[in-house]
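Remarks on the structure that follows.
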Amino acid sequence: MCGSDRERSKSECGMDKTRNVLLPQPIEESALNVLVQNGMDVIKAPDTDVSTILPLMKKAHAIVLRTGVKVTEELLREADRLLTISRTGAGVDNVDLKSATERGILVTSSIGVNTKSVVEHCVSMMLSLFKQLPLLDAELRKGNFGIRYRNIPRDLHGKCLGLIGFGRIGSTLARMCNSCFSMSIIAYDPFLNERIKGKYREWVTFTDLHSVCEKADVISVHVPLTENTKGLLNMRCFENMRSEAFVINASRGGVVNEDDLVEALEKGMIKGAGLDVFQNEPPGRDNLLLKMHSVILTPHSAALTRECVVEMAVSAVDRVLDVFNHFIPDNIANPEALEHEKWKGMKKKP
């Protein structure tokens with residue numbers, strides 16, 4: 001937006017004509033209000049069917065996109081006016097980036113906004129698994145108070161955390177676990193440059209994937225889903241892990257090979273897992289993970305706290321307004337699109 005004032009008038013911001021913003025799914029009221037206060041015409045899709053959204057694409061100058069709709073080549077072919085797609089979440093895997101870039105459509109995300117919420121979720125899963133809270137709760141409700149004498153819980157303090165991916169979420173989780181639980185930290189991130197690694201080397205050991213799997217008491221996955229990361233955590237990794245180790249995944253489901261994970265759990269190769277994401281969402285009723293007591297499952301909700309969803313939605317709306325005001329928005333997933341003729345003279349935000 002112009003400066004930091006969300007309620008600044010259209011004339012002050014330089015918007016000289018009404019813009020249409022398509023909402024394929026509802027967004028939080030505070031974010032919707034920002035659009036209305038800035039004179040946007042809001043188009044609300046009544047449902048998420050492609051046949052419903054397709055004709056609405058023709059009118060849209062911007063889309064504020066949640067996870068329930070995939071913006072495909074088919075939809076983008078109808079989007080003659082579309083300037084930007086602004087994701088409320090951190091990932092852009094439900095947008096055809098190649099097609100958007102070819103059309104000069106800027107795709108942005110709210111990456112970084114959800115860091116604190118996702119980190120808290122991961123720590124909650126770790127503690128629940130190490131302390132075996134679901135088991136103890138279930139047994140006590142069955143009248144088995146004596147389970148306390150089996151000394152099933154374990155301490156998280158002093159254990160080794162292995163991270164696959166050391167970006168915003170991975171590094172924040174590392175710092176929390178190191179400072180709060182005195183955990184040693186090892187990490188695998190082939191895309192992290194040496195300068196950034198140097199900032200952490202006093203308390204983080206950067207190594208290869210094999211070593212992370214071999215040494216960690218708990219592994220937490222924090223990488224996007226790409227051709228290179230699909231099935232990254234597979235049977236080869238599980239075979240190298242400690243039998244008492246846990247796996248946490250709050251990134252993308254496809255990064256972990258679910259069939260291999262199920263087999264590793266059934267064979268006792270690892271102790272358990274905490275999963276917020278799945279290869280197919282929602283997971284099918286026949287997914288074996290749903291029947292496993294050694295796994296804690298949540299419905300892709302790590303970032304969906306009351307506070308975080310508002311912040312992500314408002315951030316997505318702010319980036320739309322930035323684009324309309326001809327300012328370069330934050331978190332562009334396809335910076336190549338800026339080379340399109342329509343973006344000549346685009347300015348950095350003051």
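Mind the numbering: the sequence shown is residues 1 to 350 in the working numbering, read in order.
Note that CB positions come from ideal geometry on N, CA and C, so glycine has one too.
Bear in mind the structure is a predicted one, so any value in this text is a computation, not a measurement.
query: Backbone CA spacing between residue 109 and residue 146 [nearest angstrom]; result: 50 Å
query: Anticipated Cβ contact below 8 Å, residue 274 with residue 129, distance rounded; result: 6 Å
query: Alpha carbon of residue 193 to alpha carbon of residue 206, nearest angstrom; result: 11 Å
query: Three-state class that DSSP yields for residue 60 in the structure shown; result: coil
query: Runs of beta strand (DSSP E) lying entirely within the stretch 216-276, each at least 3 residues, in chain order; result: 218-221, 246-249, 272-275
query: Alpha-carbon to alpha-carbon, residue 268 and residue 337; result: 48 Å
query: DSSP bridge partner residues for residue 347 (one or two, in chain order); result: 327
query: 8 Å Cβ cutoff met for residue 96 and residue 72; result: yes
query: For residue 248, the nearest candidate out of 39, 123, 86, 54 (CA to CA); result: 123
query: Spatial neighbours of residue 86 in its chain, beta-carbon cut-off 6 Å, leaving aside the 5 residues before and after; result: 64, 108, 316, 319, 320
query: Beta-carbon spacing of residue 158, residue 182 below 8 Å; result: yes
query: Test item: CB-CB of residue 219 and residue 164 under 8 Å; result: yes
query: For residue 38, the first and last residue of its enclosing beta strand (DSSP E); result: No beta strand (DSSP E) contains residue 38, which DSSP labels as neither H nor E.
query: Bridge-paired residues (DSSP) for residue 163; result: 187, 220
query: At least 3 beta-carbon pairs within less than 8 Å: the stretch 200-215 vs the stretch 148-155; result: no
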